[in-house]
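Asker: Numbering (UniProt numbering), first residue to last: 1 to 295.
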Amino acid sequence: MIVLDAVLAVFLVVAVLAGLGMRVVQQYQRGVVFRFGRVRDEIRQPGLAFLVPAVDRMKKVNIQIITLPIPAQEGITRDNVTVRVDAVVYFQVVDPVRAAVNVQDYEFAISQVAQTSLRSIIGKSELDDLLANREPINQGLELMLDSPALGWGIQIDRVEIKDVALPESMKRSMSRQAEAERERRARIITADGEFQASARLAEAATIMSRAPAALQLRLLQTVVEVAAEKNSTLVLPFPVELLRFLDSATHRAEAAADAPPPPAKRGVEQLELPDLDEVLAHPLLGGGAPDGSTG
1 MIVLDAVLAV FLVVAVLAGL GMRVVQQYQR GVVFRFGRVR DEIRQPGLAF
51 LVPAVDRMKK VNIQIITLPI PAQEGITRDN VTVRVDAVVY FQVVDPVRAA
101 VNVQDYEFAI SQVAQTSLRS IIGKSELDDL LANREPINQG LELMLDSPAL
151 GWGIQIDRVE IKDVALPESM KRSMSRQAEA ERERRARIIT ADGEFQASAR
201 LAEAATIMSR APAALQLRLL QTVVEVAAEK NSTLVLPFPV ELLRFLDSAT
251 HRAEAAADAP PPPAKRGVEQ LELPDLDEVL AHPLLGGGAP DGSTG
């Protein structure tokens with residue numbers, strides 16, 4: 001009976017020690033074992049891990065990709081603009097032993113290095129690059145983080161700038177600049193359209209000058225297009241040549257009114273008619289001498 005009790009007691013002690021020495025490592029974790037304070041070269045893989053009670057101590061290291069937001073950092077760009085920039089870092093532990101031994105808290109260390117690198121990259125960049133050309137800046141941040149992270153057993157997957165906060169005065173200045181730029185483009189497009197239209201109209205005028213009837217047909221076509229809108233008022237274009245003719249006729253009439261009156265005509269009985277041969281022989285009538293020869 002005493003032997004049975006002793007066996008049960010030993011079995012119970014072994015079971016308790018075995019229970020104390022068993023650890024479960026998840027699929028996304030790796031176990032780093034310390035035996036009497038010295039790290040073991042063997043990394044415990046996912047599953048059930050056995051430790052020597054009171055001798056071994058295991059630290060679990062997460063090997064998932066960790067998303068670490070970087071707090072917004074305020075700085076002055078190379079073109080003297082004050083901005084606030086925040087970013088995000090994606091990294092993963094590739095060497096659990098280094099991550100557990102070489103650095104006390106690798107997440108905090110990566111956060112501090114990322115903040116310092118972000119402030120440094122802000123001072124080296126211009127505002128336009130931060131707003132529109134972020135890919136080289138992201139790559140520069142990644143290179144600046146890779147150097148210390150490799151010694152900690154950490155691989156930087158990617159670094160991205162999330163947002164760039166600008167002062168309100170700078171936002172208004174950029175809005176005015178964008179508005180002025182769009183207005184300039186609109187004026188250039190309008191001027192280009194006017195130039196092309198004038199060139200086409202000049203070609204059309206040259207063609208119509210060769211056939212005056214074409215201008216009349218074009219006028220009638222315009223009247224038909226205007227009349228198709230069912231308007232109550234129809235505006236007809238007036239030829240400029242007719243206006244010039246009327247203007248010249250008006251000037252001639254005014255000049256005639258200002259001229260002195262002609263002398264009184266003689267009576268019929270005092271009027272001397274020229275000879276018929278002299279009239280026919282006048283050069284304006286194409287006449288010649290009475291003998292038939294031309295003058």
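Just so you know, even glycine gets a beta-carbon here, dropped at the ideal spot from N, CA and C.
Comparing C-alpha positions only, which one of 61, 114, 109, 162 sits nearest to residue 135?
Answerer: Answer by Cα proximity: 162.
Asker: If I'm right that residue 158 touches residue 90 with Cβ under 8 Å, what's the distance once you round it to whole angstroms?
Answerer: 5 Å
Asker: Would you mind giving the Cβ-Cβ distance between residue 30 and residue 58, rounded to the nearest angstrom? I have them listed as a contact below 8 Å.
Answerer: Not confirmed; about 10 Å, so no contact.
Asker: Please report the distance separating the alpha-carbon of residue 35 from that of residue 140.
Answerer: 41 Å
Asker: In the DSSP assignment, the alpha helix (DSSP H) including residue 97 goes from what residue to what residue?
Answerer: 96 to 101
Asker: Quick check on residue 78: does DSSP put it in helix, strand or coil?
Answerer: coil
Asker: Can you pull the DSSP bridge partners for residue 165?
Answerer: 84
Asker: Is it the case that the stretch 66 to 75 contacts the stretch 107 to 118, given that we only count it when at least three CB pairs across the two stretches are under 8 Å?
Answerer: yes
Asker: What separation, rounded to the nearest whole angstrom, lies between the Cα atoms of residue 209 and residue 183?
Answerer: 38 Å
Asker: Report yes or no: do three or more beta-carbon pairs, one from the stretch 33 to 50 and one from the stretch 68 to 83, lie closer than 8 Å?
Answerer: no
Asker: When the distance is taken between beta carbons, is residue 152 closer than 7 Å to residue 114?
Answerer: no
Asker: Just to confirm the assignment, what range does the beta strand (DSSP E) spanning residue 221 have?
Answerer: Here residue 221 belongs to no beta strand (DSSP E); instead the alpha helix (DSSP H) covers 212 to 227.
Asker: Beta-carbon within less than 6 Å of residue 172's beta-carbon, same chain only, minus the 5 sequence neighbours each way: which residues are those?
Answerer: none
Asker: Kindly indicate which three-state DSSP category residue 68 falls into: helix, strand or coil?
Answerer: strand
Asker: Is residue 52 helix, strand or coil when you go by DSSP?
Answerer: coil
Asker: At a cut of 8 Å, does the stretch 119 to 130 reach the stretch 79 to 89 through at least three beta carbon pairs?
Answerer: yes
Asker: Between residue 61 and residue 96, is the Cβ-Cβ spacing less than 7 Å?
Answerer: In contact: residue 61 and residue 96 (Cβ atoms closer than 7 Å).
Asker: Mark residue 207 as exposed unless 16 or more other C-beta atoms lie within 10 angstroms of its C-beta, in which case mark it buried.
Answerer: exposed
Asker: Which stretch, first to last residue, makes up the alpha helix (DSSP H) that contains residue 140?
Answerer: 134 to 151
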